[in-house]
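Undergrad: Residue numbers (the working numbering): -16 to 546.
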Ligand code: C2E
Ligand code: CA
Ligand code: CA
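#1: What does a CB cutoff of less than 6 Å around residue 422 pick up in its chain, not counting 5 residues either side in sequence?
#2: Is residue 410 near ligand 3, judged by its Cβ being under 7 Å from some heavy atom?
#3: Cα separation between residue 18 and residue 206?
#4: State the DSSP-derived secondary structure class of residue 270, mapped to helix, strand or coil.
#5: For residue 121, does the count of other Cβ atoms within 10 angstroms reach 16, so buried, or fall short, so exposed?
#6: Buried or exposed: where does residue 522 fall if 16 or more other Cβ atoms within 10 Å of its Cβ makes it buried?
#7: What's the call for residue 337, buried or exposed, on a 16-neighbour Cβ count within 10 Å?
#8: Give the secondary structure of residue 248 by DSSP, where H, G and I count as helix, E and B as strand, and everything else as coil.
#9: Got a sec: does ligand 1 put a non-hydrogen atom nearer than 7 Å to the Cβ of residue 320?
#10: On the three-state DSSP scale, how would you describe residue 227?
#11: Give me the pocket residues for ligand 3, defined as CB within less than 6 Å of any heavy atom, sorted by chain position.
#12: In terms of residues, what are the limits of the alpha helix (DSSP H) holding residue -4?
#13: Can you name, in chain order, every residue of its own chain whose Cβ lies under 6 Å from the Cβ of residue 402, other than the five neighbours on each side?
#14: Count the other CB atoms within 10 Å of the CB of residue 163; is the residue buried (16 or more) or exposed (fewer)?
#15: Scan the segment 409 to 447 and note each continuous beta strand (DSSP E) run of 3 residues or more that stays entirely inside, going in chain order.
#16: Using 10 angstroms around the beta-carbon of residue 556, count the other beta-carbons present and answer buried if the total reaches 16, otherwise exposed.
#17: Run the proximity test for residue 380: is its beta-carbon closer than 7 Å to any non-hydrogen atom belonging to ligand 2?
#18: For a quick check, are the C-beta atoms of residue 158 and residue 180 less than 8 Å apart?
#19: Judging by CA-CA distance, which residue of 223, 218, 213, 208 is the nearest neighbour of residue 175?
#20: With respect to 7 Å, is the separation between the Cβ of residue 387 and the closest non-hydrogen atom of ligand 1 below this value?
#21: For residue 376, which residues from the same chain have a beta carbon less than 6 Å from its beta carbon, with the 5 sequence-adjacent residues on both sides left out?
#22: Does ligand 1 have even one heavy atom less than 7 Å from the beta-carbon of residue 339?
#23: Residue 44: beta carbon under 7 Å from a heavy atom of ligand 1?
#24: Based on the DSSP output, what are the partners of residue 72 in its beta bridges?
#25: For a test of your reading of the model: does the CB of residue 347 fall under 7 Å from any non-hydrogen atom of ligand 5? Yes or no.
#26: Within the continuous beta strand (DSSP E) that includes residue 37, where are the two ends?
#27: Looking only at C-alpha atoms, which of 329, 271, 370, 386 sits nearest to residue 344?
#28: Which whole-angstrom value describes the C-beta separation of residue 227 and residue 243, a residue pair presumed to lie in contact below a C-beta threshold of 8 Å?
#29: CB-CB under 6 Å to residue -15, same chain, minus the five flanking residues each way: which ones, in chain order?
#30: Please return the same chain residues whose Cβ sits closer than 6 Å to the Cβ of residue 464, not counting the five positions on each side in sequence.
#31: Taking 8 Å as the limit between beta carbons, can you name the residues of its chain near residue 426, skipping five residues before and five after?
#32: Considering only the alpha carbon of each residue, which of 172, 276, 261 lies closest to residue 231?
#33: Between 95, 68, 133, 84, which lies nearest to residue 106 when the distance is taken from Cα to Cα?
#34: Considering residue 297, what are the terminal residues of the alpha helix (DSSP H) in which it resides?
#35: The alpha helix (DSSP H) with residue 341 in it runs from where to where?
#36: At what residues does the alpha helix (DSSP H) containing residue 452 begin and finish?
In structure tokens, the structure reads:
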């Protein structure tokens, strides 16, 4: 018997079968069943039952429990069982319950053989279980226990392969007020909140839906088409309860969400592409927005990318042209200054700043463009000086993106000095914005420029983000009042109130010793009104639109006939 076991073809086939690769536990059961069938006759096997019981671990949060029959002979099975139990490296136990056929029972030699054979089978289960754990380590986001990006891509690729992906939408979302959590709780507790968040999202999923964390507070999920709206509602109002040593808190987390259907997806890579385009668009629209992917959005994003990628070559090719819009003294009708405004001459077409500045601002290239405009303006003033012509102060716009730039003041000064022109011929226009209200830094820049004799103005005063606080905190020379703040010519319900506010602001600004420029003045009526309230300098279509350099020079010579 012993000889037969060790040298038979059956044993060889048994070991061969066990050696086959098994990608998961189900496949492993099937292979082991086949292997047992090969040697069942040799050893008189009646039945084999398997039980795997593994406790939850970090890598397998739900533990593992499986109980299955691996072999059952045709005839009677003995009621006596021989059990072999072994421990796996993760603390789990594999137990085989083995019975002989009929009432044969197992001799000592039989059980010795069983120990040897089942040791091989155990090794196979251990190997598959270890592979399972490694796969879950590779595909799981450890801090939150949901899938990571690799895990998500694997699962999505399987859905694409099975032709199922069009049944789902992808949601790409970012927790929008997570900053608040990090402020309220210590760093480690923020991680716990993140985990609770991920688990809560997971608890809303159906069995076939998946969620993954991409890093930070960014997540993606595949959600059934008919459940998308329900899921969006949940994500926009996700209640988290957090209890820690220090505090107990319940709060609501919202999300910025990009959504895309997954029709006609053949390549898993395209899944993420569509989702991130929808998400980027949602983010541009503002935190907490939801954006659905469409061809139009795709087109817009491509256009934005083309602006950004064409910027550098266009700058080298000098496709950016500086226009000058006159600032006019309303009492003399003479040009007393100008604002430099950029245009992009691309393929014979003039593109206006609103169509490319926001993209360059987001991406950061705006800073290079602002220095280019400053440089062109200095060059222009230098040429006029060399020609013995009249020169006046020209203002250039400096984006908020410069605010955290090192040596900003020195760089502006050295650019002007390269052209050897007096600093008073350049003025820097700054804008307050929702995301930049750091008056301390603004003051530092304004004072720095002032020390070099360079004037500064606040742009768009009176629009949403420009506030009286800014005037109070930052000692700018000039306030540019936005057109939206100027009371209109026509009668309307709040006109009197608007006029009182407008006059008072002009009065206050003048008393503070600052200059006022009214911008966007379009009609003679507005102009007359501004004259009566003592606003002396005006920039607007009523005099001129921004002009090409030659037209501007001509305007300086000619001035304006009376308006
Ligand atoms: P801004 O600095 O407020 O410039 C004034 C804008 O108002 C200009 O638009 C000008 O053409 C327009 N405008 C002037 N008078 C009137 C008027 O009477 N009626 C109306 N409806 N509009 C008037 P533009 O040149 O299209 O520039 C738009 C914005 O682009 C500028 O607003 C500025 O924020 C930005 N920008 C332009 N050039 C530069 C630049 O070189 N650097 C930076 N950072 N931003 C720039
Ligand atoms: Ca401006
Ligand atoms: Ca303005």
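Even glycine gets a Cβ: it sits at the ideal position worked out from N, Cα and C.
TA: Taking the structure as given:
#1: Within the chain shown, residue 422 is the residue found at index 439, counting from 1. 456, 457, listed in sequence order.
#2: Position 427 of the chain shown holds residue 410. Every heavy atom of ligand 3 is 7 Å or more from the Cβ of residue 410, so no.
#3: Working through the chain shown from its first residue, we reach residue 18 at position 35. Working through the chain shown from its first residue, we reach residue 206 at position 223. If you take the alpha carbons of residue 18 and residue 206, they lie about 41 Å apart.
#4: What you label residue 270 is simply residue 287 of the chain shown in a count that begins at 1. Three-state DSSP puts residue 270 in coil, outside helix and strand.
#5: As a first step, residue 121 is located in the chain shown; it is residue number 138 there, counting from the start. By the neighbour-count rule (16 or more Cβ atoms within 10 Å), residue 121 is not buried but exposed.
#6: One-based indexing of the chain shown puts residue 522 at position 539. Residue 522 comes out buried.
#7: Locating residue 337 in the chain shown gives position 354, counting from the first residue. So residue 337 counts as exposed.
#8: Locating residue 248 in the chain shown gives position 265, counting from the first residue. In this structure, residue 248 counts as coil in the three-state DSSP scheme.
#9: By one-based count along the chain shown, residue 320 stands at place 337. Result no, Cβ not under 7 Å from ligand 1.
#10: As a first step, residue 227 is located in the chain shown; it is residue number 244 there, counting from the start. Residue 227: coil per DSSP, three-state reduction.
#11: This criterion selects 442, 443, 463, 465, 502.
#12: For the purposes of this step, residue -4 is identified with residue 13 of the chain shown, where counting begins at 1. Taken as a continuous stretch (DSSP letters only), the alpha helix (DSSP H) holding residue -4 covers -8 to 2.
#13: Counted from its first residue, the chain shown places residue 402 at position 419. Cβ within range, chain order: 361, 365.
#14: The sequence position of residue 163 within the chain shown is 180, counting from 1. Result: exposed.
#15: DSSP runs (the beta strand (DSSP E)) wholly in the segment 409 to 447: 409 to 413, 438 to 444.
#16: For residue 556 there is no data in the structure shown, the boundaries of the chain being -16 and 546.
#17: As a working mapping, residue 380 is identified with position 397 in the chain shown. Checking the Cβ of residue 380 against ligand 2 gives yes.
#18: Locating residue 158 in the chain shown gives position 175, counting from the first residue. Locating residue 180 in the chain shown gives position 197, counting from the first residue. Yes.
#19: The residue labelled residue 175 in the question sits at position 192 within the chain shown. Taking the Cα of residue 175 as reference, the smallest distance to any Cα among 223, 218, 213, 208 is reached at 223.
#20: Within the chain shown, the letter at position 404 stands for residue 387. Checking the Cβ of residue 387 against ligand 1 gives no.
#21: Within the chain shown, the letter at position 393 stands for residue 376. Within the same chain, residue 376 has close Cβ partners 320, 408, 410.
#22: For this step, residue 339 is matched to residue 356 along the chain shown. It does not: the Cβ of residue 339 is nowhere closer than 7 Å to a heavy atom of ligand 1.
#23: To locate residue 44, count along the chain shown from 1; it is residue 61. Checking every heavy atom of ligand 1 against the Cβ of residue 44, none is found closer than 7 Å.
#24: Counting from one through the chain shown, the residue named residue 72 turns up at place 89. Answer by DSSP bridge pairing: none, since residue 72 is not bridged.
#25: Absence of ligand 5 is noted for the structure shown, with ligand 1, ligand 2 and ligand 3 being the only ligands found.
#26: On the chain shown, position 54 is the one that residue 37 refers to. Under the DSSP assignment, residue 37 falls in the beta strand (DSSP E) whose first and last residues are 28 to 37.
#27: Counting from 1 along the chain shown, the entry for residue 344 is found at position 361. Taking residue 344 as reference, the option from 329, 271, 370, 386 with the minimal CA-CA separation is 386.
#28: Taking the chain shown and counting its residues from 1, the one referred to as residue 227 is at position 244. Taking the chain shown and counting its residues from 1, the one referred to as residue 243 is at position 260. Wrong, their Cβ atoms sit about 37 Å apart, outside the cutoff.
#29: Position 2 of the chain shown, counted from the start, is the residue given in the question as residue -15. Bear in mind that the predicted position of residue -15 carries a pLDDT of just 45, short of 50, making it too unreliable to give a figure here.
#30: Residue mapping note: residue 464 aligns to position 481 of the chain shown, counting from 1. Excluding positions up to five away in sequence, the list reads 444, 445, 501.
#31: Counting from 1 along the chain shown, the entry for residue 426 is found at position 443. Answer for residue 426: 456, 457, 458, listed in chain order.
#32: For the purposes of this step, residue 231 is identified with residue 248 of the chain shown, where counting begins at 1. The shortest Cα separation from residue 231 among 172, 276, 261 belongs to 172.
#33: Translated into positions along the chain shown, residue 106 becomes position 123. Considering only alpha carbons, the answer is 68.
#34: As a first step, residue 297 is located in the chain shown; it is residue number 314 there, counting from the start. From DSSP, the alpha helix (DSSP H) with residue 297 extends over 278 to 299.
#35: Mapped onto the chain shown, residue 341 falls at position 358. Per DSSP, residue 341 belongs to the alpha helix (DSSP H) from 340 to 346.
#36: Here the question's residue 452 lines up with position 469 in the chain shown. Boundaries of the alpha helix (DSSP H) around residue 452: 451 to 456.
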